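Working notes for the structure below.
There are 2 protein chains.
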Amino acid sequence: MTDHFLRAAIFGLGSMGYGMARSLLAAGHQVHGFDISDERMAQFAAEGGMPGGRAESISLLDCAVIVVLNEAQTEDVLFGDDGIVAQMKSGAVVISCATITPDAARRNAARCAETGVHYLDAPISGGSIKAANGALSIMASGTPVAFDAAAPALDALSETVFRLGDEAGAGSAMKSVNQLLAGVHIAVMGEAVAFGLTQGVNPEQLLSVISKCAGTSWMLENRLPHIVEADYSPHSAINIWLKDLGIVADISKETSFTPHLGLAALERYRAAADQGLGLEDDAAIVKPYAKEAGITLP
Amino acid sequence: MTDHFLRAAIFGLGSMGYGMARSLLAAGHQVHGFDISDERMAQFAAEGGMPGGRAESISLLDCAVIVVLNEAQTEDVLFGDDGIVAQMKSGAVVISCATITPDAARRNAARCAETGVHYLDAPISGGSIKAANGALSIMASGTPVAFDAAAPALDALSETVFRLGDEAGAGSAMKSVNQLLAGVHIAVMGEAVAFGLTQGVNPEQLLSVISKCAGTSWMLENRLPHIVEADYSPHSAINIWLKDLGIVADISKETSFTPHLGLAALERYRAAADQGLGLEDDAAIVKPYAKEAGITLP
Chain A
2 MTDHFLRAAI
12 FGLGSMGYGM
22 ARSLLAAGHQ
32 VHGFDISDER
42 MAQFAAEGGM
52 PGGRAESISL
62 LDCAVIVVLN
72 EAQTEDVLFG
82 DDGIVAQMKS
92 GAVVISCATI
102 TPDAARRNAA
112 RCAETGVHYL
122 DAPISGGSIK
132 AANGALSIMA
142 SGTPVAFDAA
152 APALDALSET
162 VFRLGDEAGA
172 GSAMKSVNQL
182 LAGVHIAVMG
192 EAVAFGLTQG
202 VNPEQLLSVI
212 SKCAGTSWML
222 ENRLPHIVEA
232 DYSPHSAINI
242 WLKDLGIVAD
252 ISKETSFTPH
262 LGLAALERYR
272 AAADQGLGLE
282 DDAAIVKPYA
292 KEAGITLP
Chain B
2 MTDHFLRAAI
12 FGLGSMGYGM
22 ARSLLAAGHQ
32 VHGFDISDER
42 MAQFAAEGGM
52 PGGRAESISL
62 LDCAVIVVLN
72 EAQTEDVLFG
82 DDGIVAQMKS
92 GAVVISCATI
102 TPDAARRNAA
112 RCAETGVHYL
122 DAPISGGSIK
132 AANGALSIMA
142 SGTPVAFDAA
152 APALDALSET
162 VFRLGDEAGA
172 GSAMKSVNQL
182 LAGVHIAVMG
192 EAVAFGLTQG
202 VNPEQLLSVI
212 SKCAGTSWML
222 ENRLPHIVEA
232 DYSPHSAINI
242 WLKDLGIVAD
252 ISKETSFTPH
262 LGLAALERYR
272 AAADQGLGLE
282 DDAAIVKPYA
292 KEAGITLP
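Heads up: the protein sequence lines correspond to chains A and B, in order. Quick note on our numbering: the first sequence kicks off at 2 and runs consecutively. Quick note on our numbering: the second sequence kicks off at 2 and runs consecutively.
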């Protein structure tokens, strides 16, 4: 527990970022929320977010939490035309939460260090509900001073912080391992649901039995209810896995490693996106299987 | 709970069957143990198993539990040259636990019915430790009288019996769904361990972090410790997955379903078997990945 309050900003008020901004607010911090959507920014300000434009605010920040979609957006927020790092005070900390490559994390940390800004490589896991409850898992690496500067924010955002080393990159490496597993687990869950239907096993029965057996996974227990309830409103979308398994594929190439199952799963997400399902919940991975096999889903 | 004792026999005293035979003994039943290994039969008799040859025993049985390797062995025990069903008394029950196709289960049940023997389609999940503790999960289907006749044995063997319908086949269908998931989860666990090593993540760190994150699975938590401890003595062997994912592949063909990830995982088990790892623990699925990538495992 920490007892001092930060002047913080969240960059990216999506399903994860918005909940994280609220968790920081709830812990007593002063929080700016920035997003490409004026509507979300106004909504957050109405909930207690700090008013004031970006230009006046950045130089006063103790902490900037980056929760944008990907590596390119992260680099743009940090170092783009209106990049925040050049405007931040020395000793402030960037907490970088998007899933990016370990190389990008190391590069970002080095560029931040040039102006005395600390950088915490801090990918997150747990989904939007845990984000809103300040109960994320954070896979973090960075210098001890970066951890110290980030501590009050990490306390507010997370249930568990895995401290993975003194250098940026280790956090993102662990996140890519997690995404390889999680992405394959969702895809094989969809495959198993469709396969089960061809064998007379309905999804509700599958959920009740397999969640108690050796075939279960965190993702099966979390996502299969979406199929049972036929609710594909996106908590995490199909497109996220094109991106995150794409990262696994890309960084594997650099070490001549072949992630056979990761690539097979990536192909399934691509098939789903090709059928126009990219913005649906990732449980919609079952739909291309159902279509191929002529099966009716709930 | 039931209060009457059975005259039972276990056919197949492997890592699962032996523990199950002991669980039946511990519950007070009279238990014969039969196996192709005379040594295992003698060991079980020394632990309290019933003496006496197969010929004199079969006609007295209330219950025969079949825990052999596969469909062919199950059919051989039941209906082969020295098949037990023709010798069993009317009203006795066969509890068939090997992973077989739903069609084979239906076929076996029909043949048993010809001589008034009940048949419970009852594949098991949980591994050898749960088998020895009478704590298996059993995915069972069959007639109500088959369930009644099997009840004292099921009580002794299992923590959970999923009652999946009145016809043989439903239990085996659910088991094949479980094996599709479990087989892919083990393979992607191995893939993730090797991928992690290419990114500087060691298996012990991976286990401690991912088991708390969205990328976890029952199999990851159960099998990854084998890799961390470099212990590949077989609890469940690589060859089991060639067989069980082979069943998934075979029955999928009949319905024109393509289990993309199941087939990709099957290919990995085949690669492991081709490297002479067929009899090692299935956690050895990591070894072909390590070899391909030139990685050193613990």
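No residue lacks a Cβ here, since even glycine has one placed at the ideal position from N, Cα and C. For clarity, every value in this text was computed on a predicted model and none was experimentally measured.
On a CA-only basis, which of the options is nearest residue i? Give me that one, please.
| i | options | result |
| --- | --- | --- |
| His119/B | Pro103/B, Ser97/B and Gly216/B | Ser97/B |
| Ala238/A | Leu155/A, Ala274/A and Met89/A | Ala274/A |
| Gly201/B | Ser212/A, Gly13/A and Ser173/A | Ser173/A |
| Gly247/B | Thr256/B, Ser234/B, Val229/B and Arg271/B | Arg271/B |
| Glu57/A | Ala294/A, Pro103/A, Thr102/A and Ala10/A | Ala10/A |
| Phe80/A | Ala93/A, Gly54/A, Leu62/A and Arg108/A | Arg108/A |
| Asp167/A | Thr161/A, Asp149/A, Asn179/A and Ser159/A | Asp149/A |
| Ile59/B | Val78/B, Asp251/B, Gly128/B and Glu268/B | Val78/B |
| Ala28/A | Ala195/A, Leu158/A, Trp242/A and Ile252/A | Leu158/A |
| Glu48/B | Leu26/B, Leu62/B and His30/B | Leu26/B |
| Met51/A | Arg112/A, Glu205/A, Ala250/A and Leu7/A | Leu7/A |
| Gly54/B | Lys244/B, Val32/B and Thr75/B | Val32/B |
| Gly279/B | His261/B, Leu243/B and Thr256/B | Leu243/B |
| Ser16/B | Glu115/B, Ala46/B and Gly128/B | Gly128/B |
| Gly117/B | Ser138/B, Ala105/B, Lys254/B and Val95/B | Val95/B |
| Pro145/B | Gln206/B, Gly295/B and Gly92/B | Gly92/B |
| Asp245/A | Glu268/A, Gln180/A and Glu72/A | Gln180/A |
Chain A partners of residue i, CB-CB under 9 Å?
| i | result |
| --- | --- |
| Pro103/B | Gln200 and Gly201 |
| Ile252/B | Phe196, Thr199 and Gln200 |
| Arg269/B | His261 and Leu262 |
Show which residues of chain A have a CB atom less than 7 Å away from the CB atom of residue i.
| i | result |
| --- | --- |
| Lys213/B | Ser138 and Thr161 |
| Asn240/B | Correct list: empty, because the minimum Cβ distance to chain A is about 17 Å. |
| Leu1/B | Residue coverage of chain B in this structure runs from 2 to 299, which leaves residue 1/B outside it and unanswerable. |
Is residue i close to chain A? Criterion is C-beta to C-beta, closer than 7 Å.
| i | result |
| --- | --- |
| Pro299/B | no |
| Met42/B | no |
| Thr256/B | yes |
| Ala183/B | yes |
| Ala111/B | no |
| Met175/B | yes |
| Ser218/B | yes |
| Met2/B | For Met2/B, the predicted structure reports a pLDDT of 45, less than 50, and the residue's modelled location is therefore unreliable. A value from the coordinates is still provided. False, the Cβ-Cβ gap to chain A never drops below 7 Å. |
| Val78/B | no |
| Ala284/B | no |
Taking residue i as the query, report the chain B residues whose CB atoms sit under 7 Å from its CB, ordered along the chain.
| i | result |
| --- | --- |
| Ser126/A | Cys214 and Ala215 |
| Leu26/A | The premise fails here: Leu26/A is roughly 25 Å from chain B at the closest Cβ pair, so nothing lies under 7 Å. |
| Ala171/A | Gly201 |
| Ala266/A | Leu262 |
For a contact meaning CB atoms closer than 9 Å, what does residue i contact in chain B?
| i | result |
| --- | --- |
| Gly263/A | Val189, Glu192, Ala193 and Phe196 |
| His186/A | Leu182, Val185, His186, Val189, Ala215, Gly216, Thr217 and Ser218 |
Examine chain B for any beta-carbon lying closer than 7 Å to the beta-carbon of residue i, and answer yes or no.
| i | result |
| --- | --- |
| Val210/A | yes |
| Val178/A | yes |
| Ala294/A | yes |
| Lys131/A | no |
| Arg8/A | no |
Could you work out which residues of chain B lie near residue i, taking near to mean beta carbons separated by less than 8 Å?
| i | result |
| --- | --- |
| Leu155/A | Here the premise fails: no neighbours, minimum Cβ distance about 15 Å. |
With a threshold of 7 Å between beta-carbons, can residue i be considered close to chain C, or not?
| i | result |
| --- | --- |
| Pro204/B | The chain labelled as chain C is not found among the protein chains of the depicted structure, namely A and B. |
3-residue-minimum beta strand (DSSP E) runs that sit fully inside the stretch 127-163 of chain A, ordered along the chain | As far as the stretch 127-163 of chain A is concerned, its whole beta strand (DSSP E) runs of at least 3 residues are 137-141.
Contact between the stretch 187-205 of chain A and the stretch 174-189 of chain B: three or more CB pairs below 8 Å?
-> Yes, the stretch 187-205 of chain A touches the stretch 174-189 of chain B.
Length at least 4, wholly inside the stretch 63-110 of chain B: the alpha helix (DSSP H) runs in chain order | Every alpha helix (DSSP H) of 4 residues or more that sits fully in the stretch 63-110 of chain B is shown, in chain order, as 72-80.
Residue ranges of each alpha helix (DSSP H) within the stretch 174-230 of chain A, 4 or longer = Counting only runs of 4+ residues, the alpha helix (DSSP H) found wholly inside the stretch 174-230 of chain A occupies 204-211 and 219-229, in chain order.
Any contact of the stretch 214-226 of chain B with the stretch 210-221 of chain A, i.e. 3+ C-beta pairs under 8 Å?
-> Touching, yes, given that three or more Cβ pairs across the two stretches are closer than 8 Å.
Inter-stretch contact (C-beta, 8 Å, three-pair minimum) for the stretch 164-179 of chain A and the stretch 227-243 of chain A | Too few Cβ pairs lie closer than 8 Å, so no.
For the stretch 56-74 of chain A and the stretch 148-167 of chain A, state whether three or more C-beta atom pairs, one from each stretch, are separated by less than 8 Å.
-> Yes: the two stretches touch, three or more of their Cβ pairs being nearer than 8 Å.
Contact between the stretch 83-101 of chain A and the stretch 116-135 of chain A (3+ Cβ pairs under 8 Å) | Segments in contact, yes.
Below 8 Å, can you find three or more Cβ-Cβ pairs linking the stretch 279-288 of chain A to the stretch 224-234 of chain A?
-> Judged by Cβ distances under 8 Å, the stretch 279-288 of chain A makes contact with the stretch 224-234 of chain A, as three or more pairs qualify.
Touch check for the stretch 130-145 of chain B and the stretch 16-25 of chain B: three-plus C-beta pairs under 8 Å?
-> Note that the stretch 130-145 of chain B touches the stretch 16-25 of chain B; at least 3 beta-carbon pairs, one per stretch, sit closer than 8 Å.
What are the uninterrupted segments assigned as alpha helix (DSSP H) that are 4 or more residues long and contained completely in the stretch 254-279 of chain B, given in chain order?
-> Within the stretch 254-279 of chain B, the complete alpha helix (DSSP H) segments at least 4 residues long are 261-275, listed from N- to C-terminus.
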